[in-house]
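Okay, structure first, notes after.
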Amino acid sequence: MHSECTEWTARSRNRIIFVSILSILFVFFIYQNMEDPEILQASPRMINFKPKPVFSQRIVHLDLKGAPPKPSFYDKLFPLLKEIGITSVLMEYEDMFPYWGKLSMLKTKNAYDSHTIAHIQNLAHKNSLEIIPLVQTFGHMEFVLKHSEFSSLREVPEKTDTICPSDENSIQLIHEMLAQIRQLHPNVSSIHIGADEAWNIAKDERCFQKLHKIFHNSEERLKLSHISRVAKYAKDELKFDRVYGWNDMFSSIDSELLKEYDLGRLLVPVVWGYAPDVTIDGYFPYGMFQRYSQVFPNILFASAFKGANGINETFMDIDRYFSNLFSYHRLFSIFHQELQNRVSGIVFTGWQRYFHTAPLCELMPVGMPSLINEALYELDPTSTPSVQRQRLLNFLKCESVQPVQPINYHGHVYHPPNEIIFKQCHFLGSDVENLRLLKWKINIDGILTHETRLELQSLTEKIKSLLLKDFYEDAVNEWIVQNLNPQTIIQKFVPQTIL
């Protein structure tokens, strides 16, 4: 076993280093194209068909807990979102929000200030976009609970993901977070309170006591009590017209219990799932939509355009994400009786990290073609695949597209994926398919040359300069270490018993 591992290590080091070069090339070409003013600037000529959307709300999720863009990026992004029919932007600020007072330690050093928050809202208004702040209030609270000031509020002392819902200090903390969000968003009508993946629930002594004394040993009641209490504060005290929340913490709960906690009035569930096919039997709990139809007058779907295809994925897979979106339309058809006149919109989620301490996945510029493809489809879901494809190519200003042909290389045959057509387009990342081919060749060759070493050094300098135009230095450095430092990559992939 040890000899096999050692041989694997020798062969793999060079290949792993080559793969790191691919990542830098990929983003380098992305930002070369970003300098073209056509890339993010909308043009009235781009949408030349009459929209026939099924869902009135089409919401783009921006995850700022990894590689948040500089404020100037929104000046380019928001006009494009308007052009492709987006109605709202779900802003998951996390530690980029300028918390103050007792919460000042929550913000990162590059956090937006109040003027930037106002600028984002003004820019959204100019482009007919609704801003919906997203604040995690149950699970995924690492950016709060990692601080010693709030460590006592963890449900499990060793884990920073889930807040203890049975401690009144937790409620006061969440209320203050929401109140500060409201203060800097005085005119928005909606908020999203997160509330997903609170996996470490009912493990603290405080929760044990409430379970026995108040909730009749029901973890479902414990969860609903917390979610409904937070939603009630946002709706009734902070006067948000609509309060959204991820649905997974109450996807299997009986409808009568949901009614008991007034969730139908307090919350709009956002049904999320990022599998290529969400209609597979058992993917969502049996009877979920029947139960929801008895409780909730309004529901949202949530698909993904990036950030759901691998915890440290660099390249986009437009077909995989579109399959996820398309399956939601099949789901809507399958449960038409339960969902008719109830599903008002869909969220295009774009995670930048799986969780607060996870590595970066596809950067926002990389995911733009996927987002555009999904948004154009939502404007006309009746379009045929050929029509949808042509609309995307037209929007991306693609030149004459040649048929995909296999490529022979040293006796091996490379079958390019469908994304190779984007080589001839003008958008962020149009050279990605050259890199896919290069990655394949690297796996065939497995040789690190002197020329490649020099190329790595040169491209590292160039890509850092280009990334810094739209991202902060700490995020750029993190991306470089994650994708370009050969020693870091080797340590990540080679088994620890070998090193």
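In UniProt numbering, the protein residues as written are 1 to 499.
Quick reminder that beta carbons are idealized off the backbone N, C-alpha and C, glycines included.
Residue range 288 to 293 is occupied by the alpha helix (DSSP H) that includes residue 289.
The Cβ-Cβ distance between residue 327 and residue 55 does not fall below 8 Å. Rounded to whole angstroms, the Cβ separation of residue 106 and residue 99 is 4 Å, and the two are in contact under 8 Å. Sequence-distant Cβ neighbours of residue 291 in its own chain, meaning closer than 6 Å and more than five residues away, are 255. As a beta-bridge residue in DSSP terms, residue 91 pairs with 62, 133. Residue 378 is positioned such that its CB atom lies no closer than 8 Å to that of residue 307. Checking the DSSP bridge columns, you'll see residue 246 partnered with 270. Annotated as proximal: residue 71 and residue 119, with beta-carbon spacing under 8 Å.
A distance below 8 Å separates the beta carbons of residue 264 and residue 258. Here residue 389 carries a helix assignment [DSSP, helix/strand/coil]. Counted as a single uninterrupted DSSP element, the alpha helix (DSSP H) harbouring residue 116 occupies residues 114 to 126. Annotation for residue 303: no alpha helix (DSSP H) segment contains it, though the beta strand (DSSP E) segment containing it runs 299 to 306.
Contact between residue 261 and residue 228 is confirmed by a C-beta separation of about 4 Å, below the 8 Å threshold. When secondary structure is reduced to three states using DSSP, residue 320 falls in the helix class. Beta bridge pairing from DSSP links residue 471 with 69.
Taking the C-beta atoms as reference points, residue 273 is found no nearer than 8 Å to residue 194.
The beta carbons of residue 88 and residue 59 sit about 4 Å from each other, so the pair counts as a contact at 8 Å.
For residue 465, the number of other beta carbons within 10 angstroms of its own is below 16, and it is reported as exposed. Exposed is the label assigned to residue 474, since fewer than 16 other Cβ atoms lie within 10 Å of its Cβ.
With contacts defined by Cβ atoms closer than 8 Å, residue 421 and residue 84 do not form a contacting pair. Closest in alpha carbon position to residue 95, among 394, 141, 342, is 141. Taking 8 Å as the cut-off, the beta carbon of residue 312 is found closer than this to the beta carbon of residue 359.
In the structure shown, residue 463 adopts helical secondary structure according to DSSP, grouped into three states.
Judged by pairs of C-beta atoms under 8 Å, the stretch 199 to 210 does not touch the stretch 142 to 153, as fewer than three such pairs exist. DSSP places residue 412 inside the beta strand (DSSP E), whose first and last residues are 412 to 414. About 5 Å separates the Cβ atoms of residue 162 and residue 198, confirming a contact at the 8 Å cut-off.
At the C-beta level, residue 206 and residue 215 stay beyond 8 Å of one another. Taken through DSSP and simplified to helix, strand or coil, residue 57 comes out as strand. Residue nearest to residue 183 within the set 170, 460, 237 is 237 (criterion: CA-CA distance).
In the DSSP assignment, the residues bridged to residue 348 are 60, 303.
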